[in-house]
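Have a look at the structure below before the remarks.
There are 2 protein chains.
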Amino acid sequence: MSLQQPQTRIQKKNRESILNAALGVFSDHGFRGATLDQIAAEAGLSKPNVLYYFGSKEAIYTELLSGLLETWLDPLREIDADGEPVEEILGYVLRKLQMSLDFPRESRLFANEIVQGAPHIIDQIEGPLRDLVDKTAKLFRRWSDEKRLARIEPHHLIFSIWATTQHYADFSVQVTGILQSDNDAHFADAASFLENLYRRALTPPAN
Amino acid sequence: MSLQQPQTRIQKKNRESILNAALGVFSDHGFRGATLDQIAAEAGLSKPNVLYYFGSKEAIYTELLSGLLETWLDPLREIDADGEPVEEILGYVLRKLQMSLDFPRESRLFANEIVQGAPHIIDQIEGPLRDLVDKTAKLFRRWSDEKRLARIEPHHLIFSIWATTQHYADFSVQVTGILQSDNDAHFADAASFLENLYRRALTPPAN
DNA sequence: TTAATTATTGACCAAACGGTCAGCAAGACG
DNA sequence: CGTCTTGCTGACCGTTTGGTCAATAATTAA
């Protein structure tokens, strides 16, 4: 139902607008809280027509999730094993923060899914995601051994980067409610704060 | 409906078990995703009986939220303005982390609420919460001015502490899926990682 | 033009939902 | 004991939900 290629022009357009509408609705209300009527309305289609393109509510959701996980991990893959350790990791932090700015709906979609126990993507977490994280952790450890990076537990470092960057997308209501200025202004401050924080934490001792 | 005192023994017991059951269900599925039948079943009561104690689904939810926000902010209030800056903040980090261990359901309840736009507690965020944060931020800035704390943007520091500590409750499925060991083991590592991270970031320059 | 395929919809369905209510059971209390 | 309040429930209601289907409209291919 999804791997085939013979997409007509109309199919491509409508599937796209359904997924786009669904991204908005699912990220706002979670899987169970979202309704097909909402998605259909936002996509400008009738409910039966939405179900003509995707067999079920769950089909839309899982297609969204699996299609997005790749994109979501791209910044991590871009870390260059041959680069300067501290700068590579700081670059990752800033790319991840930028993703929270550019794709807040995607971030909240994952947040909803994982907070509620990741019932639909637990396999991908324990599979490809873990492999990539383990590989990256190994690289960080090597950098530490070579004294080019402060000694720090790599897995928890990665968790902290995810947490601090995605926070600005997932909890933007809270951030905005406290800082009382628009989102773009926060992000500039957040970027310099995080660069500051991680530079101090990651720079190896001088000697 | 909630401020009165004349609670009988039975009222106290049943309201308590309803709130406890609701905490589990709401934190697992969010407000819209949770159902009264689930809550009633988990509390060991019939649905009409649940509605006898709380007038509506929303009444249960808001009572939970407002009752919890206080507890949730306690660790922040415990910061001693007369203490040693770095140690005070590190203590806060560890207390907050401990809360994620002890009260993961409460943490996920807030996470769900805020990710979905905080429709029920936006007032408390822009009111009491912001006031407390601003007050604490002012304290941090003073400490920085006195050179007893590294220069760092206080609001974003607080955000990062929330993000990194609550991450272990809100995204525990992901953490467990990647680390493949039980929760208690993670927390010991997380504690030493976070202490390490923030000590380096907060300790003022030597000179 | 025609025939086949693809796209779309109104009407409908069973299940699940939050909530109501009349009536019954159980404690509290004199 | 009897009375009064509190606690509890089965049956029910209107609405919303995800999903179906037969019929129709639009597009494509010959």
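Protein chains in written order, with the numbering used here: chain A, 1 to 207; chain B, 1001 to 1207.
Think of the CB as a built atom: it goes at the ideal place given N, C-alpha and C, for glycine as much as any other residue.
It should be emphasised that the depicted structure is a prediction, and the values quoted were computed from it without experimental measurement.
task = Count the other CB atoms, across all protein chains shown, that sit within 10 Å of the CB of B/G1177; report buried if there are 16 or more and exposed otherwise.
result = Burial call: buried.
query = Leaving out the 5 sequence neighbours to the left and right, which residues in its chain are closer than 6 angstroms to B/K1057 when beta-carbon positions are compared?
reply = L1036.
query = Based on Cα-Cα distance, which residue from B/T1136, B/H1155, B/F1187 lies nearest to B/H1167?
reply = Selected option, being the one with the closest Cα: B/F1187.
request  = Scan the segment 1025-1055 of chain B for residues whose Cβ lies nearer than 7 angstroms to a Cβ of chain A and list them as they occur along the chain.
outcome  = Correct list: D1028, H1029, G1030, R1032, G1033.
Distance, B/E1195 Cα to A/E88 Cα = Cα-Cα distance, rounded: 23 angstroms.
ask   = Hey, A/A150 and A/T203: beta-carbon distance below 8 angstroms or not?
value = In this structure, A/A150 places its C-beta atom within 8 angstroms of the C-beta atom of A/T203.
ask   = If you draw a straight line from the C-alpha of A/D82 to the C-alpha of A/L73, how long is it?
value = So the alpha carbons of these two residues sit roughly 19 angstroms apart.
task = Take the Cβ of B/N1112 as the centre, count every other Cβ of all protein chains shown within 10 Å, and call the residue buried at 16 or more, exposed below.
result = B/N1112 should be labelled buried.
inquiry  = So that I know if they touch, is there some Cβ in chain B lying closer than 8 angstroms to that of A/I178?
reply    = Yes, A/I178 lies at the interface with chain B (some Cβ there is under 8 angstroms from its Cβ).
task = Note down, in chain order, all residues in the segment 90-119 of chain A with a beta-carbon under 8 angstroms from any beta-carbon belonging to chain B.
result = Correct list: R108, A111, N112, I114, V115, Q116, G117, A118.
request  = Tell me whether B/A1034 sits in a helix, a strand or coil according to DSSP, three-state version.
outcome  = In this structure, DSSP gives B/A1034 a state outside helix and strand, which the three-state scheme calls coil.
key: Buried/exposed call for B/P1170, threshold 16 Cβ in 10 Å   = According to the sequence displayed, residue 1170 of chain B carries Asp and not Pro. With a threshold of 16 other beta carbon atoms within 10 Å, B/D1170 meets it and is buried.
key: Nearest neighbour of A/G67, chosen from A/I121, A/G44, A/R141, A/S192 [CA to CA]   = It is A/I121.
query = Would DSSP call B/K1119 helix, strand or coil?
reply = The sequence as given places Pro at residue 1119 of chain B; Lys does not occur at that position. In this structure, B/P1119 counts as coil in the three-state DSSP scheme.
task = Would you please verify whether the beta carbon of B/D1189 is less than 8 angstroms from any beta carbon of chain A?
result = The Cβ of B/D1189 sits closer than 8 angstroms to at least one Cβ of chain A.
request  = For A/E153, I'd like the list of residues in its chain whose CB is within less than 6 angstroms of its CB, leaving aside the five on either flank, ordered along the chain.
outcome  = Answer for A/E153: no residue qualifies.
ask   = What in chain B is Cβ-close to A/S160, meaning under 7 angstroms?
value = Neighbours of A/S160 on chain B, chain order: T1164, L1197.
query = For A/I18, is the classification buried or exposed, using 16 other Cβ atoms within 10 angstroms of its Cβ as the cut-off for buried?
reply = A/I18 should be labelled buried.
message = Using only CA atoms, which one of A/A206, A/P85, A/S27, A/V133 lies nearest to A/H156?
response = Distances from the alpha-carbon of A/H156 to those of A/A206, A/P85, A/S27, A/V133 put A/V133 closest.
inquiry  = For B/F1031 and B/L1101, I'd like the C-alpha separation in whole angstroms.
reply    = For B/F1031 and B/L1101, the distance between alpha carbons rounds to 23 angstroms.
task = Please compile the residues from chain B whose C-beta is within a distance smaller than 7 angstroms of the C-beta of A/D170.
result = V1115, listed in chain order.
key: Any C-beta of chain A under 8 angstroms from that of B/I1152   = When Cβ-Cβ separations below 8 angstroms define contact, B/I1152 makes contact with chain A.
key: Interface flag, B/I1125 vs chain A, CB-CB below 8 angstroms   = Chain A contact via Cβ: present.
request  = Pick out whichever of A/E84, A/L109, A/T165 has its Cα sitting closest to the Cα of A/R142.
outcome  = Considering only alpha carbons, the answer is A/E84.
A/N183 to A/E146 span [Cα, whole Å] = Straight-line Cα distance between these residues: approximately 39 angstroms.
message = Suppose the cutoff is 6 angstroms on Cβ atoms and the five residues either side in sequence are ignored; what does the same chain contact list for B/I1060 look like?
response = Within the same chain, B/I1060 has close Cβ partners A1022, F1054.
message = Please tell me whether B/V1086 has its Cβ less than 8 angstroms away from any Cβ of chain A.
response = Residue-level contact check: B/V1086 does not touch chain A, since none of the beta carbons of chain A fall below 8 angstroms from its beta carbon.
request  = For B/T1165, collect the residues of the same chain with a Cβ closer than 6 angstroms to its Cβ; drop the 5 residues on either side in sequence, then sort them by chain order.
outcome  = Hits under 6 angstroms: K1096, L1097, S1100.
ask   = Taking 8 angstroms as the CB-CB cut-off, is B/F1193 touching chain A?
value = It does: the Cβ of B/F1193 has a partner Cβ on chain A nearer than 8 angstroms.
key: Whole-angstrom C-beta distance between B/S1172 and B/P1119, which should lie under 8 angstroms   = Contact flag wrong, Cβ pair sits at about 25 angstroms.
Min CB distance B/R1148 to chain A below 8 angstroms = No, B/R1148 lies away from the interface with chain A (no Cβ there is under 8 angstroms from its Cβ).
inquiry  = Quick check for students: name the residue ranges of the alpha helix (DSSP H) that lie wholly in the segment 1084-1159 of chain B, counting only runs of 4 or more.
reply    = 1085-1102, 1104-1115, 1130-1145, all fully within the segment 1084-1159 of chain B.
request  = Find out if the Cβ-Cβ distance for the pair B/V1237, B/I1161 is shorter than 8 angstroms.
outcome  = The structure shown does not extend to residue 1237 of chain B, since chain B spans only 1001 to 1207, so no value can be given for it.
task = Could you tell me the boundaries of the alpha helix (DSSP H) in which B/I1178 lies?
result = Following the DSSP letters along the chain, one finds B/I1178 inside the alpha helix (DSSP H) bounded by residues 1172-1179.
key: A/A206 beta carbon less than 8 angstroms from that of B/L1197   = Judged by their CB atoms, B/L1197 and A/A206 are not nearer to each other than the 8 angstroms cut-off.
query = From B/F1026 to B/G1033, what does the alpha carbon distance come to, in whole angstroms?
reply = Rounded to whole angstroms, the separation of the alpha carbons of B/G1033 and B/F1026 is 8 angstroms.
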